[in-house]
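Novice: My structure is below; once you've seen it, I'll send some questions.
Number of protein chains: 2
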Amino acid sequence: MQQSPVPPETPIYRRIADGLREAILSGEFRDGDRLPGENALMAQHGIARATARQALSVLINEGLAVPKRGSGVYVRQFRPLRRHGSRRLSQERWGRGQAIWDSDTRGRPYTVDEMQIDREEAEEEIARVLDSAQVWVRRRRYSVDGRPVQLAVSYFPAALVEGTAVVREDTGPGGVYARLGDLGHAPAHFTEELRARMPHPHETVLLDLPAGTPVLVIMRTAYTANGVPVEVNEMILDSASYVLQYDFDA
Amino acid sequence: MQQSPVPPETPIYRRIADGLREAILSGEFRDGDRLPGENALMAQHGIARATARQALSVLINEGLAVPKRGSGVYVRQFRPLRRHGSRRLSQERWGRGQAIWDSDTRGRPYTVDEMQIDREEAEEEIARVLDSAQVWVRRRRYSVDGRPVQLAVSYFPAALVEGTAVVREDTGPGGVYARLGDLGHAPAHFTEELRARMPHPHETVLLDLPAGTPVLVIMRTAYTANGVPVEVNEMILDSASYVLQYDFDA
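Residue numbers (full-length UniProt numbering), protein chains in the order written: chain A, 1 to 250; chain B, 1 to 250.
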């Protein structure tokens, strides 16, 4: 919605990419549509194959399109999950034994895998926030509609959760927050810190990210009503799979 | 903080990039430090110049490093602004005539340029949200410490703000929200929708973004106490310049 002044010396592959981008952003091409291929662009614009390829790679690098081997370049499928920052973590929800993820996916099937639960020495920042040198760590990956969308690593002060359901694979109805509640440490306040960056290589692999797709990094700290930090959760989200929503008052 | 398994067939440039990345993420190299150059990498690892260049370009593409012409590759400076979603827009603030940006920058000097104020026919989505076919549009760019960090485009229902200070360059103390308040339409609730993606070309130019830097896109709608939408603000943020913070209760 910003203005897009195109200087006259723009190279031809850029101008073709600009035209295709316009068509994608305006909805002329829709999610999953096949874009004109190299041959079509060559014929239409009288250009070399390398130029046509360059034009398409601009859109791929911007994350607007994905190549499928041997079949062409397609408008990136984007059916994002709406992650509602404040509403999804209401006590009413996990207090009733509901999984937080049911709120995000609204009926779309999701799975959790790559689960790892370990007792570890905390990294400096985590140790500082949780005021605990030893932590229990829950690592897992979430997939929706069969596609990996999020990596999450939760850290808990070791002394707080030792021997409880928080460190078991199946945490029971309402998950870890309900269990922290059972222990008298129910989360009451949350702080989320949010960044975006390009993925590191292992994130690209685990989230199966196409080129040109950044990740959203959310670091959430959960505090009890007394202000005691009981969890740090570092989440890595495929940015193409998410819209994050936060509501607040003036 | 995720695990990073490196398969044995990893090419040499990847392994060198992995080592440099580790050194950056662990703090061994700090913001603004010069990374080992092509010659140093060639000597250290017994590799060709092209391989050394490839290793460095991995880090540049991930946004962890920036090349400076003729002088080498440096760890990306990152002194982010903390944008506090809920606190910065409190009525107490703009009601006292304070600029919202004073909250974000905490004394660091900021400037606004590229200001454009126009009356326009609204795009479909904006028209739908504001329930108004005609809108006044305020476009501007914010820079902090002389570096552009954010593009913002605010839309107001034309009938609501016609002939008021909202459509003047200088909106006075407290800015547009204070002026909407004067008109009896003070914002009371906000919804922010947040995405990350790679920048479009004009955003790369206006925000002077190095390669491998995604943007955060925030679409905020302001509602009066009666639920009347009075502004849509679409913000494009340099992701390397921002940490967004949201606080909320369980």
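The C-beta atom is built at its ideal place from N, Cα and C for all residues, glycine as well.
1) How many whole angstroms separate the CB atoms of A:Val144 and A:Glu120, which I take to be in contact at a CB cut-off of 8 angstroms?
2) For A:Phe248, decide whether its Cβ has a neighbour in chain B, counting only Cβ atoms nearer than 8 angstroms.
3) Got a sec: does the ligand HEM put a non-hydrogen atom nearer than 7 angstroms to the Cβ of B:Glu231?
4) Going by beta carbon distance, what residues of the same chain come within less than 7 angstroms of A:Ser239, once the five residues before and after it are set aside?
5) For B:Val161, which residues of its own chain have a beta-carbon under 6 angstroms away from its beta-carbon, when the five flanking residues on both sides are left out?
6) Please report whether the beta-carbon of A:Met198 lies at a distance below 8 angstroms from any beta-carbon of chain B.
7) To the nearest angstrom, how far is it from the Cα of A:Leu180 to the Cα of B:Arg106?
8) B:Ala99 to B:Pro80, Cα distance in whole Å?
9) Under 8 angstroms, Cβ to Cβ, is there at least one residue of chain A near B:Glu150?
10) Please determine, among B:Asp182, B:Val66, B:Val112, the residue with the shortest C-alpha to C-alpha distance to B:Val149.
11) Give me, in chain order, the residues of the same chain whose beta-carbon lies closer than 6 angstroms to that of B:Gly72; leave out the 5 immediate sequence neighbours on both sides.
12) Quick check on this structure: which residue in B:Val176, B:Leu59, B:Met115 has the alpha carbon closest to the alpha carbon of B:Leu151?
13) Determine the burial state of B:Pro229: buried for a count of at least 16 other Cβ atoms within 10 Å of its Cβ, exposed for fewer.
14) Roughly how many whole angstroms lie between the Cα atoms of A:Thr224 and B:Gly95?
15) So that I know if they touch, is there some Cβ in chain B lying closer than 8 angstroms to that of A:Leu194?
16) Would you please state the rounded distance, in angstroms, between the beta carbons of B:Gln54 and B:Tyr13? I believe it to be under 8 angstroms.
17) For A:Gln44, which of helix, strand or coil comes out of DSSP?
18) Considering A:His84, what are the terminal residues of the beta strand (DSSP E) in which it resides?
19) In chain B, which residues lie less than 8 angstroms from A:Val167 when you measure between Cβ atoms?
20) Sorted by chain position, which residues of the same chain lie with C-beta nearer than 8 angstroms to B:Gln2's C-beta, five sequence neighbours on each side aside?
21) Excluding the five sequence neighbours on either side, which residues of its own chain have a C-beta within less than 6 angstroms of the C-beta of A:Thr164, listed in chain order?
22) Who are the neighbours of A:Thr191 on chain B, taking C-beta pairs under 8 angstroms?
23) DSSP beta-bridge partners for A:Ser26?
24) Can you have a look at A:Ser26 and say buried or exposed, based on whether 16 or more other CB atoms are within 10 angstroms of its CB?
25) Any beta carbon of chain B sitting closer than 8 angstroms to that of A:Ala188?
Specialist: Taking the definition as stated:
1) If you number the first sequence from 1, residue 144 of chain A lands on position 144. If you number the first sequence from 1, residue 120 of chain A lands on position 120. Not quite, the Cβ-Cβ distance comes to about 28 angstroms (not below 8 angstroms), so this is no contact.
2) Locating residue 248 of chain A in the first sequence gives position 248, where the first residue counts as 1. Taking Cβ atoms only, chain B reaches closer than 8 angstroms to A:Phe248, which makes this a yes.
3) Judged by which ligands are present, the structure shown has none, so any question about the ligand HEM falls away.
4) Here residue 239 of chain A corresponds to residue number 239 of the first sequence, with the count starting at 1. In its chain, beyond the 5 residues on either side, Ala196, Thr213, Pro214, Val215, Leu216 have a beta carbon closer than 7 angstroms to the beta carbon of A:Ser239.
5) On the second sequence, position 161 is the one that residue 161 of chain B refers to. Cβ neighbours of B:Val161 within its own chain (closer than 6 angstroms, five residues either side excluded): Trp136, Val167.
6) The residue you call residue 198 of chain A lines up with position 198 of the first sequence. So yes, A:Met198 belongs to the interface.
7) Here residue 180 of chain A refers to the residue found at position 180 when the first sequence is read from its first residue. Here residue 106 of chain B refers to the residue found at position 106 when the second sequence is read from its first residue. So the two alpha carbons sit approximately 36 angstroms from each other.
8) Position 99 of the second sequence, counted from the first residue, corresponds to residue 99 of chain B. Position 80 of the second sequence, counted from the first residue, corresponds to residue 80 of chain B. Distance between the alpha carbons of B:Ala99 and B:Pro80 is about 19 angstroms.
9) Indexing the second sequence from 1 puts residue 150 of chain B at position 150. A quick correction: the sequence has Gln, not Glu, at residue 150 of chain B. No, no contact with chain A.
10) Indexing the second sequence from 1 puts residue 149 of chain B at position 149. Residue B:Val112 is the option with its Cα nearest to B:Val149.
11) Translated into the one-based positions of the second sequence, residue 72 of chain B becomes position 72. So the qualifying residues of the chain are Arg34, Gly37.
12) In the second sequence, counting from the first residue as 1, residue 151 of chain B sits at position 151. Among B:Val176, B:Leu59, B:Met115, the Cα nearest to that of B:Leu151 belongs to B:Met115.
13) Counted from its first residue, the second sequence places residue 229 of chain B at position 229. By the 10 Å Cβ count, B:Pro229 comes out buried.
14) Walking along the first sequence from the start, residue 224 of chain A turns up at place 224. Walking along the second sequence from the start, residue 95 of chain B turns up at place 95. For A:Thr224 and B:Gly95, the distance between alpha carbons rounds to 32 angstroms.
15) Here residue 194 of chain A corresponds to residue number 194 of the first sequence, with the count starting at 1. Interface residue, yes.
16) One-based indexing of the second sequence puts residue 54 of chain B at position 54. One-based indexing of the second sequence puts residue 13 of chain B at position 13. Indeed they touch by this definition, with Cβ atoms about 4 angstroms apart.
17) Taking the first residue of the first sequence as position 1, residue 44 of chain A is located at position 44. Helix.
18) Position 84 of the first sequence, counted from the start, is the residue given in the question as residue 84 of chain A. It spans 81–84 - the beta strand (DSSP E) in which A:His84 sits, taken as one unbroken run.
19) Locating residue 167 of chain A in the first sequence gives position 167, counting from the first residue. Simply none; closest approach about 18 angstroms.
20) Start at 1 with the first residue of the second sequence, and residue 2 of chain B comes out as number 2. For B:Gln2, the pLDDT reaches just 46, beneath the cut-off of 50, and the residue's location in the model is therefore unreliable, although a value from the coordinates is still provided. So no residue of the chain qualifies.
21) As a first step, residue 164 of chain A must be located in the first sequence, where it is residue number 164. Around A:Thr164: no qualifying Cβ.
22) As a working note, residue 191 of chain A is residue 191 in the first sequence. The answer, in chain order, is Gln245, Tyr246, Asp247.
23) Residue 26 of chain A sits at position 26 when you count from the first residue of the first sequence. The partner list for A:Ser26 (beta bridge, DSSP) is empty, contrary to what the question assumes.
24) On the first sequence, position 26 is the one that residue 26 of chain A refers to. With fewer than 16 other Cβ atoms within 10 Å, it is exposed.
25) In the first sequence, the residue the question calls residue 188 of chain A occupies position 188. Yes - at least one Cβ of chain B is within 8 angstroms of the one on A:Ala188.
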